[in-house]
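*Asks:*
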Amino acid sequence: MTKAPFNSKCERASDLLGLIHSDVCGPMNTQARGGFQYFITFTDDLSRYVYIYLMRHKSEALEKFKEFKYEVQNQQGKSIKAPQSDRGGEYLSQDFDELLKECGIVSQLTPYGTPQWNGVSERRNCTLLDMVRSMMSHRDLATSFWGLALETTTFTLNRVPSKLVQKTPYEIWIRKLPSMSFMNVWGCEAYVKHQMSTKLEPKSHKYLEIKPLRRSTRERHVPKRYRFLVTTHGDVILVDQDEPKTYQEAVSSLDSEKWLEAMRSEMDSMSVNQVWTLVEPYEGVKPIGCKWVFKKKTDMDGNVHAYKGRLVAKGFRQIHGVDYDETLSPIAMFKSIIILLAIAAFHDYEIWQMDVKTAFLNGKLEEDVYMTQPEGFVAPENDGMVCKLQRSIYKLKQASRSWNLHFNDAIKDFGFIRNEDEPCVYKKVSGSIV
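Every position in the sequence shown, counted from 1, becomes a number in our numbering once 686 is added.
#1: Assuming R810 is part of the alpha helix (DSSP H), what are its boundary residues?
#2: If distances are taken between C-alpha atoms only, which option among L834, H824 and K752 comes closest to A718?
#3: Could you give the C-beta distance for N776 and K744, rounded to a whole number, given that I count them as a contact under 8 Å?
#4: Check whether the Cβ atoms of M741 and F728 lie closer than 8 Å to each other.
#5: Would you kindly work out how many angstroms separate the C-alpha atoms of Q794 and P855, rounded to a whole number?
#6: Quick check: the Cα distance between V937 and W945, rounded to an integer number of angstroms?
#7: What is the DSSP secondary structure of R996, counted as helix, strand or coil?
#8: Rounded to whole angstroms, what is the Cα-Cα separation between K1132 and M1040?
#9: Looking only at C-alpha atoms, which of V792, D1054 and C1073 sits nearest to Q770?
#10: Could you tell me which uninterrupted alpha helix (DSSP H) segments, each at least 4 residues in length, are contained entirely in the segment 1014-1050, listed from first to last along the chain?
#11: Compute the beta-carbon to beta-carbon distance between V979 and V961, rounded to the nearest angstrom, for a pair I have assumed lies under 8 Å.
#12: Is V1111 helix, strand or coil when you go by DSSP?
#13: Would you call the segment 1065-1078 and the segment 965-974 touching, i.e. three or more CB-CB distances under 8 Å?
#14: With three or more beta-carbon pairs closer than 8 Å as the criterion, would you say the segment 885-894 touches the segment 843-859?
#15: Quick check: the Cα distance between D1095 and L1026, rounded to an integer number of angstroms?
#16: When the Cα atoms are used, what is the spatial distance from I1017 to T813?
#17: In or out: A876 buried (at least 16 other Cβ within 10 Å) or exposed?
#18: Going by DSSP, what residues sit across from Y1010 in a beta bridge?
#19: Using only CA atoms, which one of F725, D783 and S951 lies nearest to T840?
#20: Helix, strand or coil for R1087 per DSSP?
#21: Starting from the Cα of K1101, find the closest Cα among L1091, Y1112, E1108 and H1092 and give me that residue.
#22: Identify the residues that DSSP records as bridge partners of R1104: which are they?
#23: Does the distance from the C-beta atom of R825 to that of G873 stay below 8 Å?
#24: Assuming L837 and I738 are in contact, meaning their beta carbons sit under 8 Å apart, how far apart are those beta carbons, in whole angstroms?
#25: How far does the beta strand (DSSP E) with L740 in it extend, from its first residue to its last?
#26: Measure the C-alpha to C-alpha separation of F1032 and E746 and round it to an integer number of angstroms.
#27: Would you please state the rounded distance, in angstroms, between the beta carbons of K764 and D701? I believe it to be under 8 Å.
#28: Check whether the Cβ atoms of G1062 and M949 sit closer than 8 Å, and answer yes or no.
#29: Pull up the DSSP beta-bridge partners for R904, would you.
#30: Does the separation of the CB atoms of E808 and D709 fall below 8 Å?
#31: Using CA atoms only, rank isn't needed, just tell me which of P797, I860 and G805 is closest to Q762.
#32: Go ahead and pull the three-state DSSP assignment for Y877.
#33: Just reading off the alpha helix (DSSP H) that L748 is part of, what are its end residues?
#34: Identify the continuous beta strand (DSSP E) that holds W962 and give its terminal residues.
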C-alpha cells in the first residue's frame, strides 16, 4: 500500500526552475538496453515538465544533475533556485553539496522515511512505471526495452494536459503548442531502410528483433601500432596475440621454445612450493583435470616482453562436500583503499606496494584433492599416477580462501591486527604514535 501524501501548505513555485523535484528509482531487476539499471527524474514545480536520465550506477546522479542544470539554464535563461529530494546518499555526497554551494543553489531535503514529503517525484515515478508496465504488457517485446518505454512515456506525459497546470507542461516550458501528429503506437511495426538497393528491390524491410544482424564479410585488419588494442562499440578489448589454446598448439608454434621455457618455470614453482605429491590412485578416486593457459605479456606500446604459462585446475569438476567445502574469502572494498590513500596523503606517509608471485600456491589444502598430471610433464616411470594436491592451485574452488587463511596467519605473526569491520585491512603501531 502506498502512503497518502501530506497536506502540505507550501506554495507552488512562481517561476520556471524556481523549484525542481528529483528522485532516483532502481535498481531494476532487468537491465535496459545499454546496461541501465536506474533512472533519475527532474520535475519543474511550476510547469510539471519532466526530464529523465537513465543510469548504469546510482553514483551517476551528480553527473546527470550537472547535465540537466547546464541544459535547462541555457535553454530557459534562468538559474535553478532550489532542488527538492529525499535524503538518498546520491544527494548527500560532498561533491554534490560543493556544487550547490558554488552555484548558490539551496537544497531542500525531506526527512528520513517520509516519501510523502517528496510526493511530486514519488507520484511521477509511480505514474511513469505504471505506464511502462502497461505499454510492455501490450506488446511482445523483450523486458530490456523498458528504458525506451520509459523515455517514450516521459515524452508523452510532457505533452498531455495535467490537472495541476492550466496548459500542457510542454506549452509552459517551451512556450508553444506541442505537435502530436508524428506519434505512433508504442511497439508498432517498423521498417529498416536499406543502405544500398537496386532499382527494383525493396528499399526497406520489416524489422524483427529475434532476426540475426547481417555481418560484413570484409576482412578487417588492425593497424600494426594498435595490434594490442581494438575498439568494439566503444569498448576496449585485448586482441588475440596468436596465443596457443592448448599444449599441442604451444609446442608446435613458432615460439615453442619460449612457451616451453614458461611452462618449465611454472613447474619449478610447483616443485619449490611442494604443491603435490605423486601417488597411485586407489579405487574410487576421480582426479580432476588440469590444463595449460598461455598468455603474452605486453608493454604499453604493445610489444611482447614475457611469455606466461600457467597450470590451472579444472575446478568445475570438484564436488561439494567431497573435495571442497567453504569457498568464501574476503575482498578489500574500494572505499577502504581510498581512505588509506587519503590518510597517507594527509600525513605525508610513504606507501609501499608488493606483489606475491604464485600467491595461491602458498595456501594449504585441508581436503583431499587429486589431479591428473600436467600434459607434457609426465615421466615414463610415473605414468598412471595422480597428483595429490598439498597446496591450492589456480581455479580450485577453495583456492582464494586457502590463500587468504594462510596470509591472515602470516601477517598476524608480524604483529598486525585485523580490522573487525574490514577484514582485508590490518594495522600495526610501532614507534612514536604522537
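Glycine included, C-beta positions come from ideal geometry on N, C-alpha and C.
*Replies:* Quick look at the numbers:
#1: Translated into positions along the sequence shown, residue 810 becomes position 124. If you look at R810, you'll find it in the alpha helix (DSSP H) that goes G805 to S823.
#2: As a position in the sequence shown, residue 718 is number 32, starting the count at 1. Residue L834 is the option with its Cα nearest to A718.
#3: One-based indexing of the sequence shown puts residue 776 at position 90. One-based indexing of the sequence shown puts residue 744 at position 58. Contrary to the premise, residue 776 reads as Glu rather than Asn in this sequence. Their Cβ separation, rounded to whole angstroms, is 6 Å, which keeps E776 and K744 in contact under 8 Å.
#4: What you label residue 741 is simply residue 55 of the sequence shown in a count that begins at 1. What you label residue 728 is simply residue 42 of the sequence shown in a count that begins at 1. Cβ atoms of M741 and F728: not closer than 8 Å.
#5: Residue 794 sits at position 108 when you count from the first residue of the sequence shown. Residue 855 sits at position 169 when you count from the first residue of the sequence shown. Q794 and P855 have their C-alpha atoms some 23 Å from each other.
#6: In the sequence shown, residue 937 corresponds to position 251, counting from 1. In the sequence shown, residue 945 corresponds to position 259, counting from 1. Looking at the two C-alpha atoms, the distance is approximately 7 Å.
#7: Taking the first residue of the sequence shown as 1, we reach residue 996 at position 310. Strand.
#8: Nothing can be reported for residue 1132, as the shown portion of the chain is limited to 687 through 1120.
#9: Numbered from its first residue, the sequence shown carries residue 770 at position 84. Ranking V792, D1054 and C1073 by Cα distance to Q770 puts V792 first.
#10: 1020-1033
#11: To locate residue 979, count along the sequence shown from 1; it is residue 293. To locate residue 961, count along the sequence shown from 1; it is residue 275. Rounded, the Cβ-Cβ distance is 16 Å, inconsistent with contact.
#12: Sequence index remark: in the sequence shown, residue 1111 carries index 425 (1-based). Coil.
#13: yes
#14: By the Cβ rule, the segment 885-894 does not count as touching the segment 843-859, because fewer than three pairs are nearer than 8 Å.
#15: Translated into positions along the sequence shown, residue 1095 becomes position 409. Translated into positions along the sequence shown, residue 1026 becomes position 340. Each residue's Cα considered, the two are about 22 Å apart.
#16: Start at 1 with the first residue of the sequence shown, and residue 1017 comes out as number 331. Start at 1 with the first residue of the sequence shown, and residue 813 comes out as number 127. Approximately 40 Å between the Cα atoms of the pair.
#17: Here residue 876 is taken as the residue at index 190 of the sequence shown, counted from 1. So A876 counts as exposed.
#18: Stepping through the sequence shown from its first residue, residue 1010 is reached at position 324. DSSP, once it has assigned bridges, lists H1006 as partnering Y1010.
#19: Along the sequence shown, read from residue 1 onward, the residue named residue 840 stands at position 154. With distances taken between Cα atoms, T840 lies closest to F725.
#20: Here residue 1087 refers to the residue found at position 401 of the sequence shown. If DSSP states are grouped into helix, strand and coil, R1087 belongs with the helices.
#21: What you label residue 1101 is simply residue 415 of the sequence shown in a count that begins at 1. According to the sequence as given, residue 1101 is Gly; it is not Lys. Selected option, being the one with the closest Cα: Y1112.
#22: Taking the sequence shown and counting its residues from 1, the one referred to as residue 1104 is at position 418. In DSSP, R1104 forms a bridge with Y1112.
#23: Numbered from 1 along the sequence shown, position 139 holds the residue referred to as residue 825. Numbered from 1 along the sequence shown, position 187 holds the residue referred to as residue 873. Closer than 8 Å, so yes.
#24: Looking up residue 837 in the sequence shown gives position 151. Looking up residue 738 in the sequence shown gives position 52. For the record, residue 837 in the displayed sequence is Glu; it is not Leu. Confirmed, Cβ separation roughly 7 Å.
#25: For the purposes of this step, residue 740 is taken as the residue at position 54 of the sequence shown. V736 to M741 is the extent of the beta strand (DSSP E) around L740.
#26: The residue given as residue 1032 occupies position 346 in the sequence shown. The residue given as residue 746 occupies position 60 in the sequence shown. Looking at the two C-alpha atoms, the distance is approximately 27 Å.
#27: What you label residue 764 is simply residue 78 of the sequence shown in a count that begins at 1. What you label residue 701 is simply residue 15 of the sequence shown in a count that begins at 1. With a Cβ gap of about 7 Å, K764 and D701 count as contacting.
#28: Locating residue 1062 in the sequence shown gives position 376, where the first residue counts as 1. Locating residue 949 in the sequence shown gives position 263, where the first residue counts as 1. Against a cut-off of 8 Å, the Cβ pair of M949 and G1062 comes out as a contact.
#29: Taking the first residue of the sequence shown as 1, we reach residue 904 at position 218. According to DSSP, R904 bridges with nothing at all.
#30: The count along the sequence shown starts at 1 and reaches residue 808 at position 122. The count along the sequence shown starts at 1 and reaches residue 709 at position 23. Taking 8 Å as the Cβ cut-off, E808 and D709 qualify as a contacting pair.
#31: Numbered from 1 along the sequence shown, position 76 holds the residue referred to as residue 762. With distances taken between Cα atoms, Q762 lies closest to I860.
#32: For this step, residue 877 is matched to residue 191 along the sequence shown. Y877: strand per DSSP, three-state reduction.
#33: Within the sequence shown, residue 748 is the residue found at index 62, counting from 1. Start and end: A747 to Q762.
#34: Stepping through the sequence shown from its first residue, residue 962 is reached at position 276. It spans W962 to V965 - the beta strand (DSSP E) in which W962 sits, taken as one unbroken run.
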